[in-house]
Amino acid sequence: MNLTGFEQVNQGLRIAGFGTAFLLFLLASVILGFSSTVVLLGICGLTMAIFLPPAMPWIASRIRDLDLFSPYIAFPIAYILWFTLGSVNFIDAPPDLAFGYFDPIPFWMYGLYACGLAGYFYGLYAGRLLPVSRETPSGRELDMRKMQRILWITLLGFVVAWVFLALVFGVTLLHPDTANLDRLAHRGPVYQIFIYLGWTCVMFVPIFAWTRGSTRRYDWSSVVVLPAVVSLLIVSLGAGRSPLVIPFLTLVIARSYFKKQPLWKLAVVGTVAFGVFSSLGYFRYMMSATSAPQVSLMERLGVPAQLAPVVDMSIDVRYSVAALRDLTRTVPASIPFQYGAISFLPLTSFLPGHRDMSDVVFKNMLGHDFEGSGEPATILAPLYVDFGWSGVFVGMSVYGLLLSWTYRRMKSRPTTVRIITYAWWLQNCLFGIFANGFINVYVFLLPIFWSFLFYLARSDAALSEAEIGAAALR
Numbered sequence: 003m004n005l006t007g008f009e010q011v012n013q014g015l016r017i018a019g020f021g022t023a024f025l026l027f028l029l030a031s032v033i034l035g036f037s038s039t040v041v042l043l044g045i046c047g048l049t050m051a052i053f054l055p056p057a058m059p060w061i062a063s064r065i066r067d068l069d070l071f072s073p074y075i076a077f078p079i080a081y082i083l084w085f086t087l088g089s090v091n092f093i094d095a096p097p098d099l100a101f102g103y104f105d106p107i108p109f110w111m112y113g114l115y116a117c118g119l120a121g122y123f124y125g126l127y128a129g130r131l132l133p134v135s136r137e138t139p140s141g142r143e144l145d146m147r148k149m150q151r152i153l154w155i156t157l158l159g160f161v162v163a164w165v166f167l168a169l170v171f172g173v174t175l176l177h178p179d180t181a182n183l184d185r186l187a188h189r190g191p192v193y194q195i196f197i198y199l200g201w202t203c204v205m206f207v208p209i210f211a212w213t214r215g216s217t218r219r220y221d222w223s224s225v226v227v228l229p230a231v232v233s234l235l236i237v238s239l240g241a242g243r244s245p246l247v248i249p250f251l252t253l254v255i256a257r258s259y260f261k262k263q264p265l266w267k268l269a270v271v272g273t274v275a276f277g278v279f280s281s282l283g284y285f286r287y288m289m290s291a292t293s294a295p296q297v298s299l300m301e302r303l304g305v306p307a308q309l310a311p312v313v314d315m316s317i318d319v320r321y322s323v324a325a326l327r328d329l330t331r332t333v334p335a336s337i338p339f340q341y342g343a344i345s346f347l348p349l350t351s352f353l354p355g356h357r358d359m360s361d362v363v364f365k366n367m368l369g370h371d372f373e374g375s376g377e378p379a380t381i382l383a384p385l386y387v388d389f390g391w392s393g394v395f396v397g398m399s400v401y402g403l404l405l406s407w408t409y410r411r412m413k414s415r416p417t418t419v420r421i422i423t424y425a426w427w428l429q430n431c432l433f434g435i436f437a438n439g440f441i442n443v444y445v446f447l448l449p450i451f452w453s454f455l456f457y458l459a460r461s462d463a464a465l466s467e468a469e470i471g472a473a474a475l476r
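Written out as structure tokens, the structure is:
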């Protein structure tokens with residue numbers, strides 16, 4: 003980078019000025035007896051003030067070109083942040099509080115986290131060896147009229163399922179004191195269908211507005227109004243936060259590939275969403291009959307009442323990591339390894355009758371008696387409980403392999419179905435950091451259902467191209 007004479011003089015004056023300030027700071031620290039921490043922070047601050055401004059244009063250009071939701075960036079950052087924040091012993095709480103969740107996390111646990119991350123990166127590398135189709139699409143891939151009919155049929159099915167559940171279980175939103183109890187009763191085939199159709203409506207309306215590329219007013223009204231109404235109906239049956247987090251996060255990821263968003267917009271959206279979803283959970287506890295333990299916990303932790311709604315979701319980070327710590331103490335010391343029974347448990351959720359998923363199994367393993375759903379223990383818990391450290395490495399390799407292959411497949415041919423498929427898998431991996439990985443069979447069934455809808459909505463031009471291609475292969 004060539005600098006003019008004026009720029010060189012300015013840069014020299016800046017360095018000289020900061021150098022003088024640095025020496026004065028060291029002199030003041032000796033005279034006033036500053037602590038080593040203050041001195042270190044001061045040195046870091048002055049160093050950044052010298053070198054950061056000239057580097058900002060280069061950093062900004064790299065950030066603009068950054069694919070934040072690639073499997074090499076999004077998941078590792080979320081993984082490291084989750085386990086770091088969940089392991090920092092920043093709350094001095096009595097051992098009897100909340101099943102000892104705030105007891106110190108032993109340092110050796112970082113080795114388990116590193117084992118999982120190493121397995122994930124190994125899976126990313128292995129995924130680069132898998133073949134992907136590189137054919138380029140031509141013309142419009144979807145018939146929007148067909149897709150509109152499909153969406154109306156899907157919405158009708160969602161409303162019918164909601165009416166049925168409301169008649170059988172009642173509308174939980176109208177009886178908030180039974181929220182935690184009713185949520186357990188909703189498990190069943192009709193409720194699962196209700197959730198699947200609801201997610202399809204919430205996600206597909208915005209996605210096909212983006213695919214169409216139209217800026218007509220009614221398009222953007224439907225993007226906001228229809229998903230909001232469907233989300234309200236989902237919440238009305240006491241579904242909790244998860245059924246809203248899942249489609250919202252998938253939409254944010256998909257949106258970045260339909261139209262790249264600036265990093266600051268994503269940061270703002272993420273911050274607002276965190277506050278909203280945290281507040282939903284907190285006020286759910288406050289309105290239910292079991293709100294007293296939650297309020298007591300906030301008070302004993304010294305959380306100001308104004309910050310309690312936001313802190314609610316932050317504490318969930320610690321809960322999940324602490325549950326993983328307790329499971330490593332229990333398995334195999336008191337309970338033997340499960341050898342795949344936990345990791346493959348989601349595949350049984352479509353069978354008739356009520357079946358406890360991994361969160362409830364972990365709750366029972368740890369002997370924690372509380373009202374509500376189960377106890378998530380991070381993405382590593384099912385892998386560790388099944389096969390120990392080797393299960394963590396191999397299982398995380400499978401996650402890396404899946405994301406690497408679907409990402410390369412999407413980048414080679416960014417069709418609508420490939421974008422939403424990758425966004426779905428990445429969302430499940432990100433949400434799975436908290437929720438024990440893949441926790442239900444819908445994770446695997448929904449992409450199949452969506453692929454079928456895409457097939458029904460293919461345009462006549464796309465169908466003829468496919469027939470020509472098939473004839474050429476015969």
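Residues 3 to 476 in our numbering are what the sequence shown lists, from first letter to last. In this text, a Cβ means the ideal position worked out from N, Cα and C, and glycines have one as well. All figures in this text were calculated on a predicted structure; none of them were measured in a lab.
| Item | Value |
| --- | --- |
| Contact set for Y122: own chain, Cβ-Cβ below 8 Å, skip 5 residues either direction | F77, P78, Y81, M398, S399, Y401, G402 |
| Reduced DSSP category for R460 - H, G, I as helix; E, B as strand; rest coil | strand |
| Reference S135; option with closest CA among V165, M412, T252, S453 | M412 |
| Top-ranked residue by Cα proximity to Y124, from F395, M111, S89 | F395 |
| Residues near L458 in its chain [Cβ-Cβ closer than 7 Å; skip 5 each side] | K148, I152 |
| Pairwise C-alpha distance: A30 and I441 | 57 Å |
| Length of the line joining the Cα atoms of W201 and P249 | 6 Å |
| Nonlocal neighbours in the same chain, by C-beta distance under 6 Å from Y115, ignoring five residues either side | F85 |
| Per-residue burial, S140 [other beta carbons within 10 Å of its own, 16 or more giving buried] | Reliability of the predicted coordinates at S140 is poor, the pLDDT of 45 falling under 50, and the value obtained from them is presented with this limitation in mind. S140 is exposed by the Cβ-count criterion. |
| Classification of F456 by the beta-carbon crowding that lies within 10 angstroms, buried from 16 upward | buried |
| DSSP three-state assignment for G141, whether helix, strand or coil | Because G141 carries a pLDDT of 44, less than 50, the predicted location of this residue cannot be relied on, and no value is offered for it. |
| Residue interval of the alpha helix (DSSP H) (run including W110) | Premise fails: W110 is in no alpha helix (DSSP H) and is neither H nor E. |
| Given 8 Å, three or more beta-carbon pairs between the region 327–345 and the region 425–436 | no |
| Proximity to G113 [Cα-Cα], best of L447, V225, L382 | L382 |
| With 16 other Cβ atoms within 10 Å as the buried cut-off, status of N438 | buried |
| Element boundaries [alpha helix (DSSP H), containing I248] | 244–260 |
| P208 - containing alpha helix (DSSP H), residue span | 191–214 |
| Pick from K261, Y198, T213, F171 that is closest to S238, judged by C-alpha positions | F171 |
| N-terminal and C-terminal residue of the alpha helix (DSSP H) that N430 is part of | 418–434 |
| Contacts around A187, its chain only, beta-carbon distance under 7 Å, and the 5 residues preceding and following it disregarded | Any reading at A187 must be qualified, since the residue scores a pLDDT of 48, below 50, and its modelled position is unreliable; the value itself is stated next. Here the set comprises F171. |
| Whole-angstrom distance between G102 and T380, CA atom to CA atom | 17 Å |
| Top-ranked residue by Cα proximity to W391, from A211, L253, L326, G44 | L326 |
| L404 - DSSP class collapsed to helix/strand/coil | helix |
| 7 Å CB neighbourhood of V204 in its chain, flanking five on each side removed | P229, V232, S233, P249 |
| The alpha helix (DSSP H) enclosing N366, as first and last residue numbers | 360–368 |
| Residue closest to W426, alpha-carbon to alpha-carbon, out of R415, L447, F436 | L447 |
| CA nearest to the CA of V445, picked from F260, D371, P245, G393 | P245 |
| Check whether S322 and V443 have beta carbons under 7 Å apart | no |
| For I152, the first and last residue of its enclosing alpha helix (DSSP H) | 146–171 |
| Rounded separation between G88 and P106 - CA only | 10 Å |
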